[in-house]
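Chain order of the listed sequences is U and V.
The first sequence begins at 1 in my numbering and counts up one residue at a time.
The second sequence begins at 1 in my numbering and counts up one residue at a time.
All C-beta atoms, glycine included, are put in the ideal place defined by N, C-alpha and C.
Nothing here was measured: the structure is a model prediction, and the numbers come from that model.
Below you'll find the structure, written out as structure tokens, and then a few comments.
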Amino acid sequence: MSAIDIRYAPAAFERRQRRNARVSALGWAACALAFALLASALLDILFLVFHRGLSALNLQLFLTPTSGIGGGLLNAIEGSVLLTLGALLLAVPIGVLGGIYVSEYSRDWLAHGVRFVADVLVGVPSIVFGLFGYLTMVTALDWHFSMAAGCITLALMIAPYMLRTTELALRGVPHELREASYALGAGQAATVTHVLLRECASRVLTGILLATAISMGETAPLIYTVNWSNYYWNGHLTHEPVAYLTYVIWSFINEPFASAHALAYAAALMITLFVLALTLLARLSLNRLTVRRSA
Amino acid sequence: MSFPYLSRLFGLALVPLMAVTAHAAEVTGAGSSFVYPVLSKWSASFHEKTGHQINYQSIGSGGGIAQIKAGTVDFGASDAPLPASDLAQFGLGQFPVVIGGIVPVVHIEGIAPGRLRLTGPLLARIFMGEIKTWNDPALSRINPGLKLPASAIFVVHRSDGSGTTYNFTNYLAKVSPRWQKSLGFGTSVPWPVGVGGKGNEGVSAYVNQIRNSIGYVEYAYALQNRMAYTQLENAAGRFLEPNNAAFAAAAATADWAHAEDFNLIMTNAPGEKAWPITATTWAIMYKQPKDATRARAAFEFFKWAFEHGQPQAGSLDYVPLPPSLVRQIEGYWHERFKS
Numbered sequence: 001m002s003a004i005d006i007r008y009a010p011a012a013f014e015r016r017q018r019r020n021a022r023v024s025a026l027g028w029a030a031c032a033l034a035f036a037l038l039a040s041a042l043l044d045i046l047f048l049v050f051h052r053g054l055s056a057l058n059l060q061l062f063l064t065p066t067s068g069i070g071g072g073l074l075n076a077i078e079g080s081v082l083l084t085l086g087a088l089l090l091a092v093p094i095g096v097l098g099g100i101y102v103s104e105y106s107r108d109w110l111a112h113g114v115r116f117v118a119d120v121l122v123g124v125p126s127i128v129f130g131l132f133g134y135l136t137m138v139t140a141l142d143w144h145f146s147m148a149a150g151c152i153t154l155a156l157m158i159a160p161y162m163l164r165t166t167e168l169a170l171r172g173v174p175h176e177l178r179e180a181s182y183a184l185g186a187g188q189a190a191t192v193t194h195v196l197l198r199e200c201a202s203r204v205l206t207g208i209l210l211a212t213a214i215s216m217g218e219t220a221p222l223i224y225t226v227n228w229s230n231y232y233w234n235g236h237l238t239h240e241p242v243a244y245l246t247y248v249i250w251s252f253i254n255e256p257f258a259s260a261h262a263l264a265y266a267a268a269l270m271i272t273l274f275v276l277a278l279t280l281l282a283r284l285s286l287n288r289l290t291v292r293r294s295a
Numbered sequence: 001m002s003f004p005y006l007s008r009l010f011g012l013a014l015v016p017l018m019a020v021t022a023h024a025a026e027v028t029g030a031g032s033s034f035v036y037p038v039l040s041k042w043s044a045s046f047h048e049k050t051g052h053q054i055n056y057q058s059i060g061s062g063g064g065i066a067q068i069k070a071g072t073v074d075f076g077a078s079d080a081p082l083p084a085s086d087l088a089q090f091g092l093g094q095f096p097v098v099i100g101g102i103v104p105v106v107h108i109e110g111i112a113p114g115r116l117r118l119t120g121p122l123l124a125r126i127f128m129g130e131i132k133t134w135n136d137p138a139l140s141r142i143n144p145g146l147k148l149p150a151s152a153i154f155v156v157h158r159s160d161g162s163g164t165t166y167n168f169t170n171y172l173a174k175v176s177p178r179w180q181k182s183l184g185f186g187t188s189v190p191w192p193v194g195v196g197g198k199g200n201e202g203v204s205a206y207v208n209q210i211r212n213s214i215g216y217v218e219y220a221y222a223l224q225n226r227m228a229y230t231q232l233e234n235a236a237g238r239f240l241e242p243n244n245a246a247f248a249a250a251a252a253t254a255d256w257a258h259a260e261d262f263n264l265i266m267t268n269a270p271g272e273k274a275w276p277i278t279a280t281t282w283a284i285m286y287k288q289p290k291d292a293t294r295a296r297a298a299f300e301f302f303k304w305a306f307e308h309g310q311p312q313a314g315s316l317d318y319v320p321l322p323p324s325l326v327r328q329i330e331g332y333w334h335e336r337f338k339s
């Protein structure tokens with residue numbers, strides 16, 4: 001219809017073209033504005049964290065534990081790293097194996113169910129995981145605030161995320177590769193481990209790294225499950241609270257004293273740098289894949 | 001499957017860790033944010049002395065009460081006392097730990113800290129929205145030397161439930177029958193005017209940003225943020241500036257001896273030199289603890305804090321408990337708590 005209109009009414013065509021150009025310009029302007037808004041918010045946060053955090057940095061932070069509202073942050077650094085490692089130890093097998101299952105056995109009704117549950121869990125606010133951890137492990141199992149409760153809660157939060165990224169990574173592998181593998185006589189297990197995972201390993205790793213960054217930056221699930229400690233972790237999995245960096249940000253910024261504020265900003269800087277490093281690492285591993293492919 | 005970065009990541013993370021201290025009792029507590037600075041300072045010194053670790057998470061008084069009732073911590077801390085019925089139902093006991101002051105703060109051009117005079121009833125009328133401008137005759141009358149602006153008063157209160165609000169509104173309810181009747185007191189009340197800030201820090205920030213505002217914060221926040229706190233007329237009819245001596249005077253004149261389970265709010269204390277909004281934080285513990293070793297370490301900690309922790313408390317703008325009250329608390333421990 002419109003093609004006919006255009007052929008017989010050049011004036012209308014020009015009008016429409018002008019209008020399209022206007023609308024398009026308006027759309028681009030809106031996009032640019034939205035981008036500028038987001039970018040400026042991010043830059044503002046980064047500037048504040050770097051500005052305040054850098055002036056609060058000193059060697060003591062990395063050598064001593066917190067003492068009251070002053071001291072260092074080594075106990076919190078240790079706790080954050082251990083909580084994240086513990087969560088990864090639990091979540092990586094579940095997430096990656098689950099992702100393989102859902103992607104490669106997807107005709108199974110159970111796989112549909114797992115994918116649905118993972119989708120729902122990815123969307124659940126982190127504080128709900130905290131509350132779940134609190135009700136089940138801290139109180140019902142009587143573990144109290146502890147390393148185990150924190151690690152499991154974080155793992156529950158990031159495992160569905162890894163499951164979905166692993167699944168998407170596997171689905172990104174061209175179907176011809178599967179066919180070729182089967183044609184050569186490989187079974188399903190061999191195809192997955194030797195062909196598919198090798199092909200999309202960096203995508204899977206990227207998912208794991210991003211999930212690590214998420215768990216490192218979480219506060220809400222840990223407030224409910226880990227409490228806070230002024231000391232190093234003493235090796236107990238239950239009944240003993242643990243220190244972690246995001247607590248320092250969340251709590252110390254509300255204290256009246258400058259020394260507490262300095263610790264909070266230093267902790268914010270550390271978390272920001274760590275998450276930034278993980279994100280860059282994830283990017284790098286993706287790039288490497290592309291380079292290897294094209295080489 | 002090759003994950004080249006993962007092994008490097010694990011290796012990096014494991015380097016600086018694994019410091020294990022000699023094993024002594026670990027005690028966990030949670031609650032009032034008001035006591036966090038002094039409790040954590042005390043616990044650091046106590047750890048050096050005895051090796052016991054006291055861990056305290058500042059999650060607010062309400063959280064502290066919930067956690068001790070749930071039995072997830074060895075002690076809770078609250079700026080509002082538990083009623084006798086709750087104590088009996090859960091088998092809990094409570095005792096004061098430290099004393100501090102709550103002060104009104106204002107942000108008026110040209111008014112320095114400690115200059116503006118207020119009375120309890122006037123404070124109540126301001127927070128009820130009845131006194132609307134700073135040059136109200138009622139305010140000018142008691143501030144003859146001050147030039148107060150004709151601008152509207154901007155009220156700032158807490159948006160979250162808090163022990164600070166509990167003590168502040170308790171005071172207003174004691175001195176203003178109309179406040180008592182229409183708003184009462186509690187960790188939060190239905191404020192008729194003003195905006196809410198989250199935590200003492202939020203109220204401080206609002207008052208610092210907004211001209212002609214008034215709020216109420218713990219003394220340490222007023223000092224550390226260099227805010228203009230006001231004078232207040234106390235129960236004896238004297239105008240006082242807030243300071244540690246005035247808080248201590250309120251603690252000394254309070255009638256602790258007749259307070260069952262130390263259930264006593266120190267606001268509007270009768271002494272000549274007593275600051276009218278002086279507050280206590282209570283520690284709450286089980287009379288028959290699940291873990292006797294940890295409970296014993298907690299009592300040792302509080303005993304040590306009462307006897308040796310006072311200079312540190314003073315340096316953080318808290319007031320030590322009067323000696324007579326400490327003796328009474330130690331008597332209460334022997335009488336009420338097992339172990």
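Spell out whether any CB of chain U is found under 7 Å from the CB atom of P37 (chain V). yes
Per-residue burial, K147 (chain V) [other beta carbons within 10 Å of its own, 16 or more giving buried]: Flag for K147 (chain V) reads exposed.
Start-to-end residues for the beta strand (DSSP E) that takes in E26 (chain V): DSSP places E26 (chain V) inside the beta strand (DSSP E), whose first and last residues are E26 to G31.
Strictly below 7 Å CB to CB, what residues from chain U border T72 (chain V)? V138, T139, H144 and F145
Can you list, in chain order, the residues of the stretch 185 to 203 of chain V whose Cβ is nearer than 9 Å to any Cβ on chain U? Correct list: K198, G199, N200, E201 and G202.
Check the Cβ of S58 (chain V) against every Cβ in chain U and list those closer than 7 Å, keeping chain order. S251
So, under 8 Å CB-CB, Y224 (chain U) and L131 (chain U) are touching, yes? Tell me the CB distance rounded to an integer number of Å. 6 Å
If I follow the unbroken beta strand (DSSP E) through T280 (chain V), where does it start and stop? T278 to Y286
Spatial neighbours of G217 (chain U) within its chain, please: CB distance less than 7 Å, with the 5 preceding and 5 following residues excluded, ordered by chain position. T246, I271 and V275
Which whole-angstrom value is the C-beta distance of Y171 (chain V) and N268 (chain V), which I expect to be below 8 Å? Cβ atoms of Y171 (chain V) and N268 (chain V) come within 8 Å of each other, at about 6 Å.
Which residues in chain V sit within 7 Å of G68 (chain U), going by Cβ to Cβ distance? What G68 (chain U) touches in chain V: P37, S40, K41 and A44.
Alpha helix (DSSP H) containing L42 (chain U): first to last residue? P10 to A56
Distance check for L170 (chain U) and S181 (chain U), CA to CA, integer angstroms please. 15 Å
Beta carbon of W228 (chain U), beta carbon of Q57 (chain V): below 7 Å? With respect to the 7 Å criterion, W228 (chain U) and Q57 (chain V) are classified as neighbours on the basis of their beta carbons.
Name, please, each residue of chain U whose Cβ falls closer than 8 Å to the Cβ of Q224 (chain V). P256, F257 and A258
Look at the Cβ atom of M147 (chain U), then the Cβ atom of L88 (chain U), and state whether they are nearer than 7 Å. Result no, Cβ atoms of M147 (chain U) and L88 (chain U) do not sit closer than 7 Å.
Quick check: what's the CA-CA separation for E307 (chain V) versus F46 (chain V)? 12 Å
For L154 (chain U), the nearest candidate out of U:V120, U:L197, U:A211 and U:V173 (CA to CA): U:A211
How many angstroms separate the CA atom of V105 (chain V) from the CA atom of A91 (chain U)? 50 Å
Closer than 7 Å, CB to CB, is V319 (chain V) near chain U or not? It does not; no Cβ of chain U falls within 7 Å.
Is the stretch 308 to 318 of chain V touching the stretch 88 to 103 of chain V in the sense that three or more CB pairs, one from each, lie closer than 8 Å? yes
Residues of chain V with CB closer than 7 Å to the CB of P93 (chain U), please, in chain order. The contacting residues do not exist; P93 (chain U) stays about 12 Å from chain V at best.
Does DSSP classify L83 (chain U) as helix, strand or coil? helix
Is the stretch 71 to 87 of chain V close to the stretch 191 to 210 of chain V, with three or more CB pairs under 8 Å? no
Using a cut-off of 9 Å between C-beta atoms, extract the partners of Q288 (chain V) located in chain U. By Cβ distance, chain U contributes nothing, its closest Cβ being about 17 Å from Q288 (chain V), past 9 Å.
Between the Cα of I208 (chain U) and those of U:L278, U:G113 and U:I45, spot the shortest distance and give me the residue it belongs to. For the options U:L278, U:G113 and U:I45, the alpha carbon positioned closest to that of I208 (chain U) is the one of U:L278.
Answer yes if the stretch 255 to 271 of chain U comes into contact with the stretch 108 to 117 of chain U, meaning at least three C-beta pairs across the two stretches below 8 Å, and no otherwise. no
Neighbour list for N55 (chain V) in chain U, Cβ cutoff strictly below 7 Å: N227, W228, S229, N230 and P241
Do you know how far the Cα of G79 (chain U) is from the Cα of A254 (chain V)? 44 Å
Please state the DSSP three-state secondary structure of E255 (chain U). coil
Inter-residue CB distance, G114 (chain V) and Y229 (chain V) (contact presumed, cutoff 8 Å): 6 Å
List, in chain order, every chain U residue whose beta-carbon is nearer than 9 Å to that of S162 (chain V). Residues of chain U passing the Cβ test: none, with the nearest at roughly 11 Å.
Starting from Y221 (chain V), find everything on chain U with Cβ-Cβ shorter than 8 Å and list it in chain order. P256
Looking at the secondary structure, which residues open and close the beta strand (DSSP E) in which P96 (chain V) lies? L92 to H107
Beta-carbon spacing of W134 (chain V), I111 (chain V) below 7 Å: No, they are not a contact pair.
Does DSSP put N244 (chain V) in a helix, a strand or coil? It is helical.
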